[in-house]
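Residues 70 to 249, numbered by our numbering, are exactly what the sequence shown covers, in order. Beta carbons: idealized from backbone N, C-alpha and C, even for Gly. If you're wondering where the values come from, they're calculated on a predicted model, not measured in any experiment.
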Amino acid sequence: MKTLTLLRHAKSGWDDPALRDFDRPLNAKGKRAAAAVGRHWRSLGLEFDHVIASPAVRVAETLEQVAGGYGSDLPATLDRRIYLASAVTLLDVVRELPDSVASALLVGHNPGLEDLVLMLVPDTDQAPQRDAVEEKLPTASTVRLSFAIDRWADAAANGAVLDLFVRPRDLDATLGPDLD
70 MKTLTLLRHA
80 KSGWDDPALR
90 DFDRPLNAKG
100 KRAAAAVGRH
110 WRSLGLEFDH
120 VIASPAVRVA
130 ETLEQVAGGY
140 GSDLPATLDR
150 RIYLASAVTL
160 LDVVRELPDS
170 VASALLVGHN
180 PGLEDLVLML
190 VPDTDQAPQR
200 DAVEEKLPTA
210 STVRLSFAID
220 RWADAAANGA
230 VLDLFVRPRD
240 LDATLGPDLD
């Protein structure tokens, strides 16, 4: 059994139009959301054998804030392929994980993460959480997938079960979409 947790980076700022997309930092709401996610992970007892992340600034800052709420560092292996990756590229990254890893965390961007969930989780009447992800995977959302496999190389389309989908607004209503 393998478990893959996906985290979309928290909300980033667009205050400085001169910054490259790669260099955009989190905004205040994003920092609050990421810390709330970390506290929620701690309450659920989530643990990870391996963390792999995009090297974008907003991903690094998300991990820093999540770790603060989680109460433990989440040292990540940075993989440039994750930055704005397609679902196919993300699946390649997952398939390359060491088989000694039972529970991995992948931190990245949309639309790739959302598309990866939709690729890996079968579309059935018993998948309301999948439908919610298909509607939108907001920033700082967590998706946890389980695979009945022994080797990451065997991760395949329609081969996962979606165990958890948590959006920041599920933890704190003030972290939901801005209504202005």
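Q: Taking only the alpha-carbon atoms, compute the straight-line gap between residue 144 and residue 120 and give it to the nearest angstrom.
A: Counted from its first residue, the sequence shown places residue 144 at position 75. Counted from its first residue, the sequence shown places residue 120 at position 51. For residue 144 and residue 120, the distance between alpha carbons rounds to 7 Å.
**Q.** Outcome for residue 113 when other beta-carbon atoms lying within 10 angstroms are tallied against a minimum of 16
**A.** Counting from 1 along the sequence shown, the entry for residue 113 is found at position 44. That one is exposed.
Q) Are residue 172 and residue 152 closer than 8 Å when you measure CB to CB? A) Translated into the one-based positions of the sequence shown, residue 172 becomes position 103. Translated into the one-based positions of the sequence shown, residue 152 becomes position 83. Contact: no.
Q | Span separating the alpha-carbon of residue 30 from that of residue 84 | A | The structure shown does not extend to residue 30, since the chain is modelled only from 70 to 249, so the question has no answer here.
Q) Between residue 198 and the rest of its own chain, which residues show a CB-CB distance below 6 Å, the 5 nearest in sequence each way excluded? A) Position 129 of the sequence shown, counting from 1, holds the residue named residue 198. The residues are 231 and 234.
Q) Which partner residues does residue 230 have in the DSSP bridge list? A) Here the question's residue 230 lines up with position 161 in the sequence shown. Note: residue 230 sits in a beta bridge opposite 215.
Q) Which residues in the same chain have their Cβ closer than 6 Å to the Cβ of residue 185, if we skip the five residues on either side of it in sequence? A) As a first step, residue 185 is located in the sequence shown; it is residue number 116 there, counting from the start. Answer for residue 185: 156 and 159, listed in chain order.
Q. Who are the near neighbours of residue 249 in its chain, counting only those whose CB is closer than 6 Å to its CB and skipping five residues on each side?
A. Here residue 249 refers to the residue found at position 180 of the sequence shown. With a pLDDT of only 40 at residue 249, under 50, the local geometry of the prediction cannot be trusted, and the value read off the model is given with reservation. Closer than 6 Å at Cβ, skipping near neighbours: no residue.
Q: Return the CA-CA distance between residue 236 and residue 115, expressed in angstroms with no decimal places.
A: Counted from its first residue, the sequence shown places residue 236 at position 167. Counted from its first residue, the sequence shown places residue 115 at position 46. So the two alpha carbons sit approximately 16 Å from each other.
(Q) Just list the residues that DSSP pairs residue 78 with in beta bridges. (A) Start at 1 with the first residue of the sequence shown, and residue 78 comes out as number 9. Per DSSP, none; premise fails for residue 78.
Q: Any chance you could list the alpha helix (DSSP H) runs of at least 4 consecutive residues sitting entirely within the segment 98-162, in chain order?
A: 126-139
Q. Looking only at its own chain, which residues have a Cβ that is under 8 Å from the Cβ of residue 195, when we skip the five neighbours before and after it?
A. Translated into positions along the sequence shown, residue 195 becomes position 126. Hits under 8 Å: none found.
(Q) Please state the DSSP three-state secondary structure of residue 73. (A) Stepping through the sequence shown from its first residue, residue 73 is reached at position 4. Collapsing the DSSP output to three states places residue 73 in a strand.
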